[in-house]
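The sequence shown begins at 109 in this note's numbering and counts up by one. Built from N, CA and C at the ideal position, the CB exists for glycine as well. Written out below as structure tokens is the structure these notes cover.
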Amino acid sequence: MNEFISELKRRREELGLTLQEAAWKFGVTQDIIEKIESGDFSGVELYMKSLIVRYCNLLGMDSKTGLEAYRSWRKEGSERFEEKQEKSSIDIKTFVQNSVLLTALYATAIILIFINWLMFSKLDEFRRYSVFSIENPAALPAVVETRDDEGKLLERRAILTGETVNYRINPGDVFEIRAPGGMLEMRLGEKIWKVKLERFLVEVKDGNTRNP
């Protein structure tokens with residue numbers, strides 16, 4: 109079949125016909141000619157025999173050769189169909205035999221997804237309660253000094269008006285806060301404190317802040 113298809117294209121080119129010209133003479137669209145010359149008969153299987161015979165006549169080729177090629181194509185297609193059917197039967201049998209195993213695998217997958225979801229939910233909750241936020245709504249900047257449990261200065265930072273700063277807290281951390289504006293808002297998870305002091309300390313115990 110491949111040899112016959114190649115001969116169709118070669119013959120058309122010998123006649124000096126472009127795909128567009130051949131399509132016009134043949135009375136079909138150009139993509140049909142391209143399908144015939146490439147051996148792709150998808151969408152035109154029902155008309156393939158007629159198309160091959162007519163195209164052979166157009167190109168001055170023996171239509172008997174086209175019919176032989178058509179029969180060969182039908183035979184190959186039938187064999188492929190039988191192979192596909194046989195493979196499909198084997199696949200169905202295998203699926204039925206393994207249905208119990210597949211069900212168990214699906215159930216295991218669902219359980220694992222639930223466990224992962226639960227773990228990530230707990231992790232998200234942990235993150236929310238291990239980040240300490242300070243917001244400065246006052247007109248003057250605030251200064252925050254962070255020290256460890258031995259009193260060593262870890263960081264000194266100014267928080268500007270309208271700015272929010274997040275701190276990753278550890279047990280023993282101490283935040284020394286000076287707020288000339290007299291107003292700060294602090295948040296830990298769902299807890300919110302509004303502090304109207306110019307200077308105060310926040311000390312972390314067991315991974316959570318104590319109420320200021």
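Rounded to whole angstroms, GLU263 and VAL310 show a C-alpha spacing of 14 Å. The alpha-carbon of GLN205 is positioned some 35 Å away from that of ARG182.
With respect to the C-alpha of ALA246, the residue from GLU306, ILE144, LYS172, LEU125 having the closest C-alpha is GLU306.
Spatial neighbours of ARG295 in its own chain (CB-CB distance under 7 Å, excluding positions within 5 residues in sequence) are listed in chain order as SER241. Scanning its chain for C-beta atoms nearer than 8 Å, with the 5 sequence neighbours on each side dropped, one finds around ASP170 the residues CYS164, in chain order. Here THR137 is exposed. Its C-beta has fewer than 16 other C-beta atoms within 10 Å.
By the Cβ criterion, the stretch 248-255 is in contact with the stretch 267-280, since at least three pairs of Cβ atoms, one from each stretch, lie closer than 8 Å. CA-to-CA, the gap between GLU121 and TYR214 works out to about 58 Å. Residue pairing by DSSP places TYR275 opposite PHE240 in a beta bridge.
GLU298 places its beta carbon 8 Å or farther from that of GLU243.
Taken through DSSP and simplified to helix, strand or coil, ALA250 comes out as strand.
It is roughly 45 Å from the alpha-carbon of VAL239 to the alpha-carbon of LEU209. Under the three-state reduction of DSSP output, LYS133 falls in the helix class. Residue state for LYS304 is assigned as coil, using DSSP reduced to three classes.
Secondary structure of ALA266 (DSSP, three-state): strand. For PRO279, the closest C-alpha among the options ALA266, ILE285, ARG265, GLY259 is that of GLY259. Of the other Cβ atoms in all chains shown, fewer than 16 fall within 10 Å of the Cβ of ILE218; this residue is therefore exposed.
Bounds of any alpha helix (DSSP H) do not take in LEU296; it lies within the beta strand (DSSP E) bounded by 292-296. Partner residues in the beta bridge of ARG286, as assigned by DSSP, are VAL251, ARG307. Counting along the chain, MET169 sits inside no alpha helix (DSSP H), nor does DSSP assign it H or E at all.
Taking 8 Å as the cut-off, the beta carbon of ILE144 is found closer than this to the beta carbon of LEU116. With fewer than 16 other CB atoms across the displayed protein chains lying within 10 angstroms of its CB, ASP256 is exposed.
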